[in-house]
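Chemist: Each residue of the sequence shown is one higher than the one before, starting from 922 at the first, in our numbering. Glycine included, each C-beta is placed from N, C-alpha and C at the ideal position. My structure is below; once you've seen it, I'll send some questions.
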Amino acid sequence: REDESKGGFGIGLNIVKDIIDEEEITLKVDSKRGEGTTFRYAFTLE
């Protein structure tokens with residue numbers, strides 16, 4: 922993180938990973954410094 926003033930514990934992505942692993946979701950992340958981050962996900966509805 923560039924701006925440490927935003928706070929947080931840094932566990933958000935770990936929680937997301939646990940959900941993805943359990944629910945068989947595909948996640949793709951594209952990130953460019955100064956431009957932002959794009960998250961793409963796919964899952965199957967039954």
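At which residues does the alpha helix (DSSP H) containing G933 begin and terminate?
Modeler: Taken as a continuous stretch (DSSP letters only), the alpha helix (DSSP H) holding G933 covers 933-944.
Chemist: Leaving out five residues before and five after D951 in sequence, what residues of the same chain have Cβ atoms less than 6 Å from its Cβ?
Modeler: Excluding positions up to five away in sequence, the list reads T959.
Chemist: What first and last residue would you give for the beta strand (DSSP E) that runs through T947?
Modeler: Unbroken beta strand (DSSP E) run through T947: 947-953.
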